[in-house]
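Under our numbering, the first residue of the sequence shown is numbered 17, with each subsequent residue one higher.
Glycine included, C-beta positions come from ideal geometry on N, C-alpha and C.
Structure record follows, encoded as structure tokens.
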Amino acid sequence: MTETLRVTPDDAGPDADSYAELRARLFIPLGVAGVRASMGVFEDVIDGVNRLVTSLRPLGAEVMRFPPVLPRAMLEKSGYLRSFPHQLGCLCSLGGSEREIGLQVERFYAGEADWTDGLETGDLVLSPAACLPVYPLVAARGEVPETGLRFDVSGACFRREPSQEFGRLQSFRQREFVFVGAKEGAAAFRDEVLQLGQSMADALDLPHRVVSASDPFFGRASRVLALLQKQKTLKYELQVPLAGEDTWMACLSANYHEDHYGQTWDIRVDTGEVAHSACLGLGIDRLAIAAFIRHGAEPATWPASVRTRLGL
Ligand code: AMP
Ligand code: ZN
17 MTETLRVTPD DAGPDADSYA ELRARLFIPL GVAGVRASMG VFEDVIDGVN RLVTSLRPLG
77 AEVMRFPPVL PRAMLEKSGY LRSFPHQLGC LCSLGGSERE IGLQVERFYA GEADWTDGLE
137 TGDLVLSPAA CLPVYPLVAA RGEVPETGLR FDVSGACFRR EPSQEFGRLQ SFRQREFVFV
197 GAKEGAAAFR DEVLQLGQSM ADALDLPHRV VSASDPFFGR ASRVLALLQK QKTLKYELQV
257 PLAGEDTWMA CLSANYHEDH YGQTWDIRVD TGEVAHSACL GLGIDRLAIA AFIRHGAEPA
317 TWPASVRTRL GL
């Protein structure tokens, strides 16, 4: 029952050979796939990527920073539970009286029972995407002006997709630019932020491609939903090449949600129409990893233009 925590090298994936040295310089594995501590040299670049993102923030965007947890009810209503239940993490804690909790813990250390038997489901989930809390917050404010509302949000995200891939984490950081407003405004915003995303890749001197993409929907309807999303070109990804044959890593996505969140949260534009929304989801860890892959392990030797844009 009491297991010794054994931290194994985080290097067993297909891209391990190509990036083993770099990974060892940037991260310390914590013994679970896709969960790592990062070194100061990596965090300095993360700070730089955040500065770059801030420099490209849409005019008038309201800044909000979210905690790594969300009310469970908010997530259920958002539709995320139906679309991606396989990636969700829910918070549990020990329930009962102090005496009951104490007994549960003591029985665990005595090797009699697992302490997790006493867990109770709480009212919080781990946030899977940084933009999810924006929509109910906008709904609570009342009608949205026709010109729309813009936001710059960020938060730590959790997705249960354990992997040894360099850039696939269970716990990672997202920054998002979000728009809520009229239909035309949302569609235009999505195209505008996709260009911003390309400017970011250019500022980091990253070779990249932009492709129409779909989300990893759950269950029987997943193929149809993914096909529809692609056909309607609701999602674009900016991907960077990795070592190996035709392997790409998505660093950001530009998404048009149509009126999904407008309908879900009953958000109205002051013209009376249901609000549409769009977002640019930036994988901050992946943008930093892509920069290291491209320019090497030592940011002091990176091109001057890249260092300047990152404020390094
Ligand atoms: P998505 O909403 O899935 O399009 O996510 C937006 C961006 O977040 C992606 O383009 C990635 O850069 C980043 N991201 C998503 N999932 C992960 C993950 N498991 N590990 C690291 N970054 C991720
Ligand atoms: Zn989003």
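Residues that residue i bridges to, as DSSP identifies them
i: Arg225; result: Gln255
i: Ser187; result: Phe174
i: Gly197; result: His292
i: Asn271; result: Lys251 and Cys295
i: Leu169; result: Looking at the sequence shown, residue 169 is not Leu but Val. For Val169, which the question treats as bridged, DSSP gives the partners Met80 and Glu192.
i: Ala266; result: Gln255
i: Phe43; result: Ser54
i: Arg284; result: Val290
i: Val48; result: Val51
C-beta contact flag for residue i and residue j at 9 Å
i: Gly213; j: Leu148; result: no
i: Gly278; j: His292; result: yes
i: Ile300; j: Arg191; result: yes
i: Gln103; j: Pro144; result: yes
i: Cys106; j: Gly138; result: yes
i: Ala307; j: Ala270; result: no
i: Val85; j: Leu46; result: no
i: Gly164; j: His276; result: no
i: Arg325; j: Leu258; result: no
i: Val61; j: Pro319; result: no
i: Glu289; j: Leu250; result: no
i: Val169; j: Val194; result: yes
i: Phe205; j: Arg239; result: no
i: Leu328; j: Met216; result: no
i: Glu136; j: Gly171; result: no
i: Met265; j: Phe188; result: no
i: Ala304; j: Phe100; result: no
i: Glu208; j: Pro74; result: yes
i: Ala229; j: Lys246; result: yes
Original post:
Which ranges does the beta strand (DSSP E) cover as unbroken runs of at least 3 residues, wholly within the region 79–165, from first to last along the chain?
Top reply: The beta strand (DSSP E) runs lying completely inside the region 79–165 and spanning 3 residues or more are 85–87, 106–110 and 135–142, given in chain order.
**OP:** Count the CB pairs spanning the region 190–205 and the region 47–57 that are closer than 8 Å, and state whether there are at least three.
**Re:** Flag = no, the region 190–205 and the region 47–57 do not touch.
Subject >> Within 7 Å of the ligand ZN: residues by beta-carbon to any heavy atom >> reply: This selection yields Ala145, Ala146, Cys147, Glu192, Val194, Asn271, Cys295 and Gly297.
Original post:
Do the region 244–258 and the region 216–233 touch if we need at least three Cβ pairs shorter than 8 Å?
Top reply: Contact between the region 244–258 and the region 216–233 is established, with three or more Cβ pairs separated by less than 8 Å.
**OP:** State whether the region 178–185 contacts the region 152–166, with contact taken as three or more CB pairs (one from each stretch) at a distance under 8 Å.
**Re:** The region 178–185 makes no contact with the region 152–166; the number of CB pairs closer than 8 Å stays below 3.
Original post:
Should the region 116–124 be regarded as contacting the region 69–80, the criterion being three or more beta carbon pairs within less than 8 Å?
Top reply: Proximity of the region 116–124 to the region 69–80 falls short of the contact definition, fewer than three beta-carbon pairs being nearer than 8 Å.
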